[in-house]
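Asker: So that we are looking at the same thing, I have put the structure below in structure tokens.
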Amino acid sequence: MAGGPPKALLSSGPHSLRDMPHPLAVSSSEEAVGGDSTPSPDLLVARSFGDKDLILPNGGTPAGTSSPASSSSLLNRLQLDDEIDGETRDLFVTVDDPKKHVCTMETYITYRITTKSTRVEFDLPEYSVRRRYQDFDWLRSKLEESQPTHLIPPLPEKFVVKGVVDRFSEEFVETRRKALDKFLKRITDHPVLSFNEHFNVFLTAKDLNAYRKQGIALLTRVGESVKHVTGGYKLRSRPLEFAAIGEYLDTFALKLGTIDRIAQRIIKEEIEYLVELREYGPVYSTWSALEGELAEPLEGVSACIGNCSTALEELTDDMTEDFLPVLREYILYSDSMKSVLKKRDQVQAEYEAKLEAMALRKEDRPKVPADVEKCQDRVECFNADLKADMERWQNNKRQDFRQLLMGLADKNIQYYEKLTRRMVRETVLEWPILCQLSGRIAYSRRR
Amino acid sequence: MEQASSDLEGQLQPAPLEPLGYADGELEAAVGEKAEGAQEESSGLDTMTENNFWLKKIEISVSEAEKRTGRNAVNMQETYTAYLIETRSVEHADGQSVLTDSLWRRYSEFELLRNYLLVCYPHIVVPPLPEKRAEFVWHKLSADNMDPDFVERRRIGLENFLLRVASHPTLCRDKIFYLFLTQEGNWKETVNETGFQLKADSRLKALNATFRVKNPDKRFTELKHYSDELQSVISHLLRVRARVADRLYGVYKVHGNYGRVFSEWSAIEKEMGDGLQSAGHHMDVYASSIDDILEDEEHYADQLKEYLFYAEALRAVCRKHELMQYDLEMAVQDLASKKQQCEELATGTVRTFSLKGMTTKLFGQEAPEQREARIKVLEEQISEGEQQLKSKNLEGREFVKNAWADIERFKEQKNHDLKEALISYAVMQISMCKKGIQVWTNAKECFSKM
């Protein structure tokens, strides 16, 4: 940890990111970072395709068996909750029951927030309030203000950029509800943020507007002082771990952006495929009307294609509603984390400047002035908070992406299963021909 | 003397149908029994083979394709593909096959063979050749005739054509077909010497007949209608299928990008890295699996294409019927008018307007000797005409009987083949889905280890 003389800022020039110490690696600042090809176990292992082939999971589950998607993802969620808190949980928050409100001036949606808690900070064991997006936005700014040394989870985007999206459509509202629920749960899981006064008010106040108007700002000690840090100081040296975090986040956001674009492209291709399928199926029906003996099998093919279209539509909808929003959320998360990192840099820069100024002044040698001490205090607190939050963030990120990607795989498996079921049903009456065919098809391929 | 039209219908009643046994499956040609009642008409030459060749089981295969260069008709260098045709006879006892003939042919020779068969067996639904140029292509497939995949599919199509001909109870006995398989040099000359081109009906004549025929057999009219619709629906199907293939290809290939980005991402991760990296590998597998899947689908498309082209062959038989029927109707009409003329000359009455009537009025009646001479000529023509009409009627009846028998054979073949094709298509789709399940299940396992 940076406590001694400031180190030279690690240049990211000739060294690739993989050679850099992982933000959470122990005593990473002592390790020599060079272009050596045999990284130590604590550092990131350089990965190449060749190595990875050796540790592929074998075989996979036999085709045809699959776990129902909903129960496995539910399991994941339960595991997530258990792993985050070692201790028993004493605060539960849920967001549900969206309702549309139509007033003269505007139309908007509110969500019901249900809180159950045994904490002393709460007067009642249970609360139920209604909040709208604005209120969440307010909460987030307040948290950023009052807890600047911590990572505040992101909110779903305020405005939807792409296309003409109906703000009141069921899918949009549901997607948003899930994101807001996630937002509050992340705060609930945070050992510091969950005790924040504003959070408490958000969960409990009957009339949030009145409270907002009062504008009571309760800042923590560090928050108060950090608030007053003015910019303009130049940072001498960033501690390795924060430099690494910064670089990691850059690459991370970049990769997520790429995945987002790929997913969007896949959805686009799938929709175009769907368009063609919708023309393809009916042609078999038209043909079947011309035929006698062939009418039934032709209709069967037409029905299977129709089934495929339906299943494909469900798949693309799921991708759009469940997969993309979570990706985007994490990109926003990275952005907000970067700004917190910047703030930390500022606090450290101020401290360094004061140190330098102090060194130049000849008086007060033996005793360090109070304000410099305060600065050091601030820096250390910030670094500690941030480090803890980063660790928590990494764990959450891992759980979230595991769940997200497994969900993606599940959706695709379900899609193919729907198709298979229908087609097997259609061809089951043709069993004798099928047996003949399985040999024939192999023959008629490559000779 | 017979009346004009009412007797025609009586003469055109189709004889009771005698179904011929329909051809075996596609992998072997089992030939042997003499087919009853299918006498080839109008070929003139003896195209029946005398020897016992066809009484044994034979196997025909188009086993290779080779690029060649040579000089064409206008002495220009050209590149073409030649196909190796091998014929084996299978001894009954031990099932061993012995190579009896092997020669090289190019596509144009196949075309010549088919044109010959079309002219000499107009009552047969002649099997079609694979397409000359690649049509219904989707973007990955090349429309180039020299493309190896196209050549390979054409090789299979040509083999299929030969097997169809060889398993047809009538066509298999044709001498020119036999020579096609056994005599490499001089075959073209031999075909041309049969003079079959002279017997071919002109397109214009056929078109004229189609419009003007008054009383074709209703079954042929229906069949023509059916073959038009079939052609239209299969073309549409193949076009859309090509577009579907294109799109599906896109969906699969984009997933390959996941492979790359997961790999890049895994480089900056600690615990998540392994899972991401191996999942990425499965995405690559997924993306490349589409190539085999679509190749199999091309085979399905080729099966449909064969019947698309068969529709044309059906139409050709209908056209021939219309032509013969029209010919017959014209002959009847001609005969009737001659008889009338004769009668007028004999009785001296002019019932209808005629040039003779005019000139008689203007220039006076002709001498009795002249009239007698003309009556005699007409009577000769009438008797000739009646003979011709009799034989045309017979021909027409025979044609209808034989053609309809072959059409029934064709219908059964078509139903059988297409049913199999549709089922194998479904099987392909099921196999594709199973592969998809496998890949995503593997990926899911990798993700679970993140």
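Residue numbers (full-length UniProt numbering), protein chains in the order written: chain A, 1 to 447; chain B, 1 to 450.
Idealized CB from N, CA, C, for every residue including glycine.
(1) Quick one: which chain B residues come within Cβ less than 7 Å of arginine 398/A?
(2) Within a Cβ cutoff of 6 Å, which residues of the same chain sit near glycine 306/A, ignoring the five residues on either side of it in sequence?
(3) As a quick exercise: from Glu386/B, Gln325/B, Leu422/B and His282/B, pick the residue whose alpha carbon is nearest that of alanine 440/B.
(4) What's the C-alpha gap between aspartate 149/B and arginine 155/B?
(5) Does the beta carbon of alanine 409/A come closer than 8 Å to any beta carbon on chain B?
(6) If you count every other CB in all the chains shown that lies within 10 Å of the CB of threonine 427/A, and 16 or more means buried, which is it?
(7) Quick one: which chain A residues come within Cβ less than 7 Å of asparagine 257/B?
(8) So what's leucine 104/B in DSSP terms, helix, strand or just coil?
(9) Measure the alpha-carbon distance for leucine 219/A versus leucine 208/A and round it to whole angstroms.
(10) Once you ignore the five residues that flank phenylalanine 196/B on each side, which residues in its own chain have a CB closer than 7 Å to its CB?
(11) Say whether chain B places a C-beta atom closer than 8 Å to the C-beta of leucine 277/A.
(12) Does DSSP classify alanine 367/B as helix, strand or coil?
(13) How is tyrosine 333/A classed by DSSP in three states: helix, strand or coil?
(14) Taking the beta carbon of glutamine 414/A as the centre, do at least 16 other beta carbons fall within 10 Å, making it buried, or is it exposed?
(15) Helix or strand or just coil, what does DSSP make of threonine 110/A?
(16) List, in order along the chain, the chain A residues whose C-beta lies closer than 9 Å to that of asparagine 186/B?
(17) What separation, rounded to the nearest whole angstrom, lies between the Cα atoms of lysine 434/B and glycine 157/B?
(18) Whose CA, out of Pro169/B, Pro130/B, Thr182/B and Lys175/B, lies closest to the CA of glutamate 159/B?
(19) Do the segment 255-264 of chain B and the segment 280-298 of chain B meet, that is, are 3 or more Cβ pairs less than 8 Å apart?
(20) Taking the beta strand (DSSP E) that leucine 84/B falls in, what are its first and last residues?
(21) Beta carbons nearer than 7 Å to chain B: which residues of the segment 413-426 of chain A have them?
(22) For arginine 154/B, name the three-state secondary structure that DSSP assigns.
(23) At which residues does the beta strand (DSSP E) containing arginine 131/A begin and terminate?
(24) Mind listing the chain A neighbours of phenylalanine 161/B? Cutoff is C-beta to C-beta under 8 Å, in chain order.
(25) Alpha carbon to alpha carbon, how far is serine 141/A from threonine 115/A?
(26) Candidates Tyr107/B, Trp138/B, Val125/B and Ser61/B: which alpha carbon is nearest aspartate 291/B's?
(27) May I ask you to report which of helix, strand or coil DSSP gives valine 95/A?
(28) Using a Cβ-Cβ cut-off of 8 Å, state whether lysine 206/A counts as contacting chain B.
(29) To which residues of the same chain is tyrosine 330/A closer than 6 Å at the C-beta, ignoring the five residues directly before and after it?
(30) Drop a sphere of 10 angstroms on the beta-carbon of methionine 432/B, count the other beta-carbons inside from all chains shown, and report buried for 16 or more, exposed for fewer.
(31) Hey, is valine 428/A's beta-carbon within less than 8 Å of any beta-carbon in chain B?
(32) When we look at the beta-carbon of residue 451/A and count the other beta-carbons within 10 Å, is it buried (16 or more) or exposed?
(33) Work out the CA separation of glutamate 189/B and arginine 114/B for me, nearest whole Å.
(34) Buried or exposed for glycine 185/B, going by 16 or more other Cβ atoms inside 10 Å?
(35) Within its chain, find whatever has a CB closer than 8 Å to the CB of tyrosine 351/A; leave out the 5 residues flanking it on each side and keep chain order.
(36) Using only the alpha-carbon positions, how far apart do threonine 65/A and glutamate 314/A sit?
Answerer: On the basis of the supplied data:
(1) Within 7 Å Cβ-Cβ: Glu271, Met272 and Met450.
(2) These residues qualify, in order along the chain: Gly281.
(3) Per the sequence presented here, residue 440/B reads as tryptophan, with alanine not at that position. Check the Cα spacing between tryptophan 440/B and each of Glu386/B, Gln325/B, Leu422/B and His282/B: the tightest is with His282/B.
(4) C-alpha of aspartate 149/B to C-alpha of arginine 155/B: approximately 10 Å in a straight line.
(5) Chain B, which has a Cβ nearer than 8 Å to the Cβ of alanine 409/A, makes this yes.
(6) When all chains shown are included, threonine 427/A counts as buried.
(7) Against chain A, the beta carbon of asparagine 257/B has neighbours under 7 Å at Ile262, listed in chain order.
(8) Just to set this straight, residue 104/B is tryptophan in the shown sequence, not leucine. Correct three-state label for tryptophan 104/B: strand.
(9) A caution first: leucine 219/A carries a pLDDT of 49, below 50, which makes its placement in the model unreliable, though a value can still be read off. Going from the Cα of leucine 219/A to the Cα of leucine 208/A covers about 19 Å.
(10) Tyr116, Val119 and Cys120, listed in sequence order.
(11) True, the Cβ-Cβ gap to chain B drops below 8 Å.
(12) The answer is coil: DSSP assigns alanine 367/B none of H, G, I, E or B.
(13) If DSSP states are grouped into helix, strand and coil, tyrosine 333/A belongs with the helices.
(14) Around the Cβ of glutamine 414/A, a 10 Å sphere holds 16 or more other Cβ atoms; the residue is buried.
(15) Three-state result, threonine 110/A: strand.
(16) By Cβ distance, chain A contributes nothing, its closest Cβ being about 31 Å from asparagine 186/B, past 9 Å.
(17) Here the C-alpha atom of lysine 434/B lies approximately 29 Å from the C-alpha atom of glycine 157/B.
(18) Checking every option, the nearest Cα to that of glutamate 159/B belongs to Pro130/B.
(19) By the Cβ criterion, the segment 255-264 of chain B is in contact with the segment 280-298 of chain B, since at least three pairs of Cβ atoms, one from each stretch, lie closer than 8 Å.
(20) Run containing leucine 84/B: 77-90, per the beta strand (DSSP E) assignment.
(21) Cβ contacts with chain B come from Ile413, Tyr416, Glu417, Leu419, Thr420, Met423, Val424 and Glu426.
(22) In this structure, arginine 154/B counts as helix in the three-state DSSP scheme.
(23) Residues 126-132.
(24) Under a criterion of Cβ atoms nearer than 8 Å, no residue of chain A is adjacent to phenylalanine 161/B; the nearest Cβ is some 15 Å distant.
(25) Cα to Cα, serine 141/A sits roughly 21 Å from threonine 115/A.
(26) Ranking Tyr107/B, Trp138/B, Val125/B and Ser61/B by CA distance to the CA of aspartate 291/B puts Trp138/B first.
(27) It is a strand residue.
(28) No - not a single Cβ of chain B is within 8 Å of the one on lysine 206/A.
(29) Cβ neighbours of tyrosine 330/A beyond the five flanking positions: Leu256.
(30) The residue in question, methionine 432/B, is buried, as its Cβ has 16 or more Cβ neighbours within 10 Å.
(31) No, because no Cβ of chain B sits closer than 8 Å to the Cβ of valine 428/A.
(32) This structure cannot speak to residue 451/A, because chain A is shown only from 1 to 447.
(33) One Cα belongs to arginine 114/B, the other to glutamate 189/B, and the distance between them is close to 15 Å.
(34) By the 10 Å Cβ count, glycine 185/B comes out exposed.
(35) Excluding positions up to five away in sequence, the list reads Val372, Cys375, Gln376, Arg378 and Val379.
(36) Unreliable positioning characterises threonine 65/A in this predicted model, as indicated by a pLDDT of 39, which lies under 50. A coordinate reading is not provided.
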